[in-house]
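These notes concern the structure reproduced below.
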DNA sequence: AGGCTCGTTTGATCGGGATCAAATCCGGTC
DNA sequence: GACCGGATTTGATCCCGATCAAACGAGCCT
């Protein structure tokens with residue numbers, strides 16, 4: 092349809108090559124993908140795919156954060172998944188896109204036409220196996236989140252969310268002693284956190300304030316969080 | 092571990108053969124599975140797998156209904172999925188079981204040791220492809236349910252649930268004019284419906300009573316439901 | 001600087017659904 | 001038949017989180 096927006100992908104300098112699906116391919120196989128893929132930049136707020144559209148693209152996240160959004164018509168919306176670097180998106184063998192994908196930050200993608208990608212999967216069972224395992228992992232995560240959405244209180248949701256984000260921020264090979272203070276930036280606004288947790292902006296804000304007042308966390312800036320007492324946070328996340 | 096509880100599976104007289112994963116295999120391939128599988132009966136209320144246990148089994152549902160349960164410690168529990176005849180369960184390539192599986196009714200399963208089943212998948216890409224598509228479909232369904240759990244009102248949840256169950260009951264190749272009255276039995280108690288929809292028994296009961304009083308449905312028995320006005324039900328399911 | 005927009009915080013009120021409690025219905029068994 | 005246990009229904013009350021509303025703060029553009 093549209094002409095290439097940027098240069099052809101060059102797997103050699105791919106930042107997520109070892110963690111993405113492509114990590115299963117050897118150099119020869121990689122060349123097939125290389126010919127197929129294109130790098131593409133999307134600005135924060137820009138949609139990558141719309142629910143209901145024919146699913147013609149899939150690909151990997153190279154950088155940035157994206158959201159998978161369910162939610163019809165009226166204002167109500169629910170973020171049903173977040174996509175981070177090295178994550179795969181799209182629906183090989185699926186008919187139409189089920190959830191709108193929107194960039195939360197400026198992001199860089201490595202996109203493939205679906206049909207071509209499916210042919211690669213046909214020829215590379217190892218890659219299809221990895222995709223199956225990833226899909227199963229996403230299913231597990233979605234089901235766990237169903238429990239959170241349906242049964243946890245606002246306090247539990249926020250505490251659990253902060254722990255999740257801390258774990259994600261922490262595994263960048265970083266720094267501090269486990270249990271010690273950890274500071275990081277949330278990739279989401281309060282409103283987006285609310286959309287993930289199935290609550291309102293106001294309630295998210297109030298719960299964060301409450302944790303701050305309790306000394307469990309600090310909020311150095313609107314996007315920044317410091318975990319000051321991970322144990323207390325974990326207790327909050329489980330409490331009935 | 093345990094000796095065979097029943098006779099070896101005989102795919103030839105399998106009630107769900109054409110709809111289950113095995114449908115992708117030809118007669119020769121089926122013999123490999125046949126040697127591996129065992130039929131097994133479970134009574135209502137009996138658990139098939141426990142969350143946290145090593146995942147050593149997988150298989151197909153032959154008859155009956157089972158629930159996938161998430162939910163820790165305290166009383167709170169959430170049904171994160173229902174399994175019907177021809178559905179596949181278990182986690183090939185997964186480490187440990189994530190969700191407890193419990194039979195809601197007496198049920199019949201066709202079970203395989205995980206390791207053996209994985210070998211079959213290795214050799215039969217068509218079957219692995221089907222498993223990938225099913226897993227992706229389950230993921231879609233779980234994400235859609237996240238929206239329901241997080242954002243829908245009690246009235247919307249119950250109306251939508253009845254429509255889902257009606258669709259499932261209706262596609263048995265049956266009977267009535269679309270839009271006409273349809274009567275069927277729910278495979279779930281009020282309490283289990285509540286566990287699926289993330290609400291309480293009392294609220295489920297009240298919503299059903301309300302729909303009955305409005306003439307939208309009838310409740311001939313505790314388990315039976317008659318859809319009298321599918322359009323009105325659909326309107327309820329979508330209303331803000 | 002001013003004025004703008006957008007995100008965040010805080011306050012006041014309201015209501016839907018949870019919770020507590022009790023009555024009713026039904027399918028068993030003796 | 002009488003009894004019993006579990007599911008369901010119905011009622012009364014309470015509380016958490018949504019909603020409505022307004023103030024606050026921080027970039028950003030002119």
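Residue numbers (our numbering), protein chains in the order written: chain C, 92 to 331; chain P, 92 to 331.
Even glycine gets a Cβ: it sits at the ideal position worked out from N, Cα and C.
Close-in-space but distant-in-sequence residues of the same chain around residue i (CB under 7 Å, 5 per side omitted)
i, result
"residue 195 of chain C", "135, 156, 157, 158, 278, 279, 283"
"residue 147 of chain C", "204, 205"
"residue 115 of chain P", "217, 218, 221"
"residue 261 of chain C", "273"
"residue 123 of chain C", "211"
"residue 190 of chain C", "142, 159, 160, 161, 171"
"residue 309 of chain C", "303, 317, 319"
"residue 281 of chain P", "292, 295, 296"
Cβ neighbour criterion (16 or more within 10 Å) applied to residue i
i, result
"residue 293 of chain C", "exposed"
"residue 329 of chain P", "exposed"
"residue 236 of chain P", "buried"
"residue 234 of chain P", "buried"
"residue 137 of chain P", "exposed"
"residue 181 of chain C", "buried"
"residue 300 of chain C", "exposed"
"residue 305 of chain C", "exposed"
"residue 242 of chain P", "buried"
"residue 118 of chain C", "exposed"
"residue 315 of chain P", "exposed"
"residue 150 of chain P", "buried"
"residue 322 of chain C", "exposed"
"residue 289 of chain C", "buried"
"residue 312 of chain C", "exposed"
"residue 271 of chain P", "exposed"
"residue 229 of chain P", "buried"
"residue 166 of chain C", "exposed"
"residue 286 of chain P", "buried"
Residue i at chain P interface by Cβ criterion, 9 Å
i, result
"residue 162 of chain C", "yes"
"residue 185 of chain C", "yes"
"residue 237 of chain C", "yes"
"residue 182 of chain C", "yes"
"residue 172 of chain C", "yes"
Contact list for residue i against chain C, beta-carbon separation under 8 Å
i, result
"residue 129 of chain P", "Chain C residues near residue 129 of chain P: none, gap ~24 Å exceeds 8 Å."
"residue 222 of chain P", "223"
"residue 219 of chain P", "216, 219, 220, 223"
"residue 234 of chain P", "159, 161, 171, 172, 189, 190, 233"
Contacting residues, own chain, Cβ-Cβ under 6 Å from residue i (five flanking each side not counted)
i, result
"residue 132 of chain P", "199"
"residue 274 of chain C", "317"
"residue 70 of chain P", "Nothing about residue 70 of chain P can be read from this structure; chain P reaches only from 92 to 331."
"residue 140 of chain P", "188, 192"
"residue 251 of chain C", "328"
"residue 110 of chain P", "177"
Neighbour flag for residue i against chain C, beta carbons, 9 Å
i, result
"residue 255 of chain P", "no"
"residue 216 of chain P", "yes"
"residue 115 of chain P", "no"
"residue 178 of chain P", "no"
"residue 190 of chain P", "yes"
"residue 39 of chain P", "The question about residue 39 of chain P has no answer here: the residues shown for chain P are numbered 92 through 331."
"residue 293 of chain P", "no"
"residue 289 of chain P", "yes"
"residue 329 of chain P", "yes"
Any non-hydrogen atom of the ligand MN within 8 Å of residue i CB
i, result
"residue 302 of chain P", "This structure simply doesn't include the ligand MN, nor any ligand for that matter."
Contact list for residue i against chain P, beta-carbon separation under 7 Å
i, result
"residue 167 of chain C", "242"
Chain-ordered chain P contacts of residue i [CB-CB under 9 Å]
i, result
"residue 276 of chain C", "Under the 9 Å cutoff, chain P gives no residues; its nearest Cβ is about 25 Å from residue 276 of chain C."
8 Å Cβ shell around residue i - same chain, five flanking residues per side excluded
i, result
"residue 212 of chain P", "183, 218, 219, 222"
"residue 215 of chain P", "115, 116, 120"
"residue 246 of chain P", "298, 301, 327, 330"
Chain C contact residues for residue i, given Cβ-Cβ distances below 7 Å
i, result
"residue 226 of chain P", "223, 226, 227, 230"
Partners in chain P for residue i, counting only beta-carbon separations shorter than 8 Å
i, result
"residue 251 of chain C", "Near residue 251 of chain C there are no residues of chain P at all, since even the closest Cβ is about 12 Å away, more than 8 Å."
*With a cut-off of 8 Å, do at least 3 Cβ pairs link the region 137-145 of chain C to the region 180-195 of chain P?*
Using a Cβ-Cβ distance cut-off of 8 Å, the region 137-145 of chain C and the region 180-195 of chain P are not in contact, since fewer than three pairs of beta carbons, one from each stretch, lie closer than that value.
*Does the region 248-260 of chain P touch the region 247-263 of chain C, meaning 3 or more C-beta pairs lie closer than 8 Å?*
No, the region 247-263 of chain C does not touch the region 248-260 of chain P.
*Count the C-beta pairs between the region 101-120 of chain C and the region 173-182 of chain C that are closer than 8 Å, then say yes if the count reaches three, no if not.*
Look at the beta carbons and you see the region 101-120 of chain C touching the region 173-182 of chain C: at least three pairs across the two are nearer than 8 Å.
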